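Quick notes on the structure that follows.
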Amino acid sequence: VDGLAAEREQGITIDVAYRFFSTEKRKFIVADTPGHEQYTRNMVTGASTADLAVILIDARKGVLTQTRRHSYLAHLVGIRHVVLAVNKMDLVGYDQQKFDDIVADYRAFAESIGIAAFTAMPISGFRGDNITTPSPNTPWYTGPSLVEHLERVEIDAERDRARPFRLPVQWVNRPDLDFRGFAGLIAGGEVRPGDKVRVLPSGKMSSVARIVSFGGDLDVAVAGQSVTLTLADEIDCSRGDVIAAADAPPQAADQFEATFVWMADEAMLPGRSYWLKLATQTVSATVQAPKYQIAVNTMEKLAAKTFDLNAIGVANLSTDKPIVFEAYGDNRTLGGFVLIDKLTNATVAAGMLHFSLRRSQNVHWQPVDLDREHHAALKNQKAAVLWFTGLSGAGKSTIANLVEKKLARMNRHTFLLDGDNVRHGLNKDLGFTDADRVENIRRVGEVAKLMTDAGLIVITAFISPFKAEREMVRRMMAPGEFLEVHIDTPLADAEARDVKGLYAKARAGQLANFTGIDSPYEAPDDPEIRIDTTGMTAEEAADAIVERLIP
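Heads up, the sequence shown is in this note's numbering, so the first residue is 540 and it goes up one at a time.
Below you can see the structure in the form of structure tokens.
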């Protein structure tokens, strides 16, 4: 099944290869996945949609580290059916004792990681023993052949039909004024016209009027079918909502514990904002510092500050609004998710939700009578954030200070948040690693948002080297409220100023993670205001910024 030239040349599997075959009883899709540790993300991708895993063991070698890794990953992604195929039995003379020893060894490991049951069979891929029919070479084996077992095993889709009804809404189908239906793939249970349902996260109740399919109306629809439901009542329901059984609805929460499989070359940065896609829901999410990383070869739990490529670990996750979910072990569709980089749109991780954190159920928004518009009106101004970004020594603090003084003379209510000052208090515990820089900006962004809620014009002077975090803060604010101000100074000019002597220390190797020297700076592509300090004074720059803010 190897399809890539590199796979055939090296005799290894690199990427997932899908092959199709059928028997008189079933159709099958085989996902051939790589087994090497460096291709963990490829294996998880292939296994994530599988109903059954075939774990191949060389009868001459027995249970290896690779066997343990494969089994752990299969269990991790929720594969309930495992076949232990002890291959190359012809090379050990079809020795029953050899087979029994391997099975006993594997059973001890399987039980330790939570695999409740597996089916073991002796096979020879080269000679075809016990592949399609029982082999006369193993009279001591009385179980089914591999194909016979595949034809009989109960797949997850059959189990899902016994669960409570779930339909993530993919599309609101409204071809004309007389029809409004909600289309999606049923992720659990079954539904009939007249069934009481609840739309989540709103919690509104209704009942199913019709089940519409391509072939006409249905009397019943089950897990795995794509259908359109019409409801008896005109209630609000849109893409991302979940229509569920009224008497057994799933939860909605915004904080979770989850297992992550990191798939990006760039390491995970705690506090960075990613897109989270779960079923048809897409929300903004941040990952907290890992609780631990799992060494897939030994199953040890290791301390970790981040997740690198192919790492598997557990961390808490928070979303900007509640999402409807179930534990991955109960429902793959509503428990499995991917994280997407907001700038590149690349998938950086796959994950599995364990449970919601109790605090997410107990913390609610408290309504207040005086809103942000009221506070701004009292000050006779519009709240805004002037977000200064640029290299160290570019002139951010100097120009920001001048801007605040000019606005004060215009009777504007302002507050200046300076990077150095904030690190003396609120962010005193943070260093200058990439992860700490991300958390630094996340905290400052939240403070700036609170200040705009108070109706203030907030001026921030931070290097803020990463585009992703600046965009995260932008999304916190109301449209048009965030103005990115790039103090654009060439590195050579900033280094020549070196008022604080930091560049000299960085060049001498006495200061690590210094932006522009050994830590990157991602300049804005299209800021609202760009200040070229090589062509104007600080006073002129401040005047230009104030004029842009208050024409």
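Virtual Cβ for every residue (Gly too), placed ideally from N, Cα, C.
Since this is a predicted model, take the numbers as computed values, not measurements.
| Paired residues, beta bridge with F799 - DSSP | G852 and G890
| field | Inter-residue spacing [alpha-carbon to alpha-carbon] between P661 and I618 | value | 21 Å
| said: In whole angstroms, give me the CA-to-CA distance for K967 and L595. | reply: 53 Å
| R749 by DSSP, collapsed to three states: which one? | strand
| request: Give the range of the alpha helix (DSSP H) segment to which D490 is assigned. | output: In the structure as shown, the chain starts at 540 and stops at 1090, and residue 490 therefore has no counterpart that could be examined.
| I652 (DSSP reduced to helix, strand or coil) | Three-state DSSP puts I652 in a helix.
| said: Using only CA atoms, which one of R580, L848, R737 and A598 lies nearest to G632? | reply: A598
| task | Compute the beta-carbon to beta-carbon distance between V781 and L739, rounded to the nearest angstrom, for a pair I have assumed lies under 8 Å. | result | 5 Å
| message | With a threshold of 7 Å between beta-carbons, can V631 be considered close to chain B, or not? | response | Among the chains of the structure shown, chain B does not appear; only one protein chain is present.
| Alpha-carbon spacing of I1089 relative to K860, whole angstroms | Roughly 33 Å separates the two Cα atoms.
| said: Restricting to Cα atoms, I'd like to know which of D1082, R976 and A824 is closest to M945. | reply: In the sequence as presented, Met is not what sits at residue 945; that position holds Lys. Answer by Cα proximity: D1082.
| query | Between Q820, D869 and K881, which lies nearest to W710 when the distance is taken from Cα to Cα? | reply | Q820
| said: Could you compute how far the alpha carbon of A743 sits from the alpha carbon of T953? | reply: Note that residue 743 is Lys in the sequence shown here, rather than Ala. Going from the Cα of K743 to the Cα of T953 covers about 43 Å.
| message | On a Cα-Cα basis, can you pick out the residue from T1076, S663, L630 and N712 that is closest to R778? | response | Among T1076, S663, L630 and N712, the Cα nearest to that of R778 belongs to N712.
| query | In whole angstroms, what is the alpha-carbon distance linking E1078 and V961? | reply | Each residue's Cα considered, the two are about 25 Å apart.
| said: Check whether the segment 789 to 806 and the segment 841 to 856 are in contact - that is, three or more C-beta pairs closer than 8 Å. | reply: Yes, the segment 789 to 806 is in contact with the segment 841 to 856.
| task | Going by DSSP, name the residue or residues bridged to P661. | result | Under DSSP, P661 forms a beta bridge with V625.
| Mapping DSSP to helix, strand and coil, what is Y1042? | helix
| request: Could you pull out every residue in the same chain whose Cβ sits closer than 6 Å to the Cβ of P1063, ignoring the five residues on either side in sequence? | output: Counting only Cβ-Cβ distances below 6 Å, and skipping sequence neighbours, we find E1023 and H1025.
| query | Which word fits E943, buried or exposed, when buried means at least 16 other C-beta atoms lie within 10 angstroms of its C-beta? | reply | buried
| request: Look up F638 in the DSSP assignment and say whether it is helix, strand or coil. | output: helix
| Looking at the unbroken alpha helix (DSSP H) that takes in R607, where does it start and where does it end? | Note, R607: alpha helix (DSSP H), T604 to L615.
| task | Go through its chain and collect everything with a Cβ distance to R951's Cβ below 6 Å, but skip five positions before and after it. | result | Q920 and I996
| With burial defined as no fewer than 16 other Cβ atoms inside 10 Å of the residue's Cβ, what is the status of H620: buried or exposed? | buried
| query | In terms of residue numbering, what span does the beta strand (DSSP E) encompassing G874 cover? | reply | No beta strand (DSSP E) contains G874, which is instead part of the alpha helix (DSSP H) from R871 to G874.
| message | Taking only three categories from DSSP, how would you classify V540? | response | Low confidence applies to V540: its pLDDT is 48, below 50, so where it sits in the model is not reliable, and the reading given next is rough at best. V540 falls in the coil class under three-state DSSP.
| task | Starting from the Cα of P703, find the closest Cα among P675, S765, A784 and V583 and give me that residue. | result | Ranking the options by Cα distance to P703, first place goes to A784.
| said: Buried or exposed for D959, going by 16 or more other Cβ atoms inside 10 Å? | reply: exposed
| Nearest-angstrom Cβ-Cβ length linking A854 and K830, presumed shorter than 8 Å | 6 Å
| query | Mind pulling the beta strand (DSSP E) runs of 3 or more residues that sit fully within the segment 920 to 970? | reply | 923 to 928 and 953 to 957
| Euclidean distance between Cα positions of A659 and S674 | 15 Å
| task | Look up V593 in the DSSP assignment and say whether it is helix, strand or coil. | result | strand
| In terms of residues, what are the limits of the alpha helix (DSSP H) holding T579? | Per DSSP, T579 belongs to the alpha helix (DSSP H) from T579 to A586.
| request: Could you check what DSSP says for T860 in three-state terms: helix, strand or coil? | output: Note that residue 860 is Lys in the sequence shown here, rather than Thr. K860 falls in the strand class under three-state DSSP.
| task | Specify, as a first and last residue, the run of the beta strand (DSSP E) that K816 falls within. | result | S812 to L817
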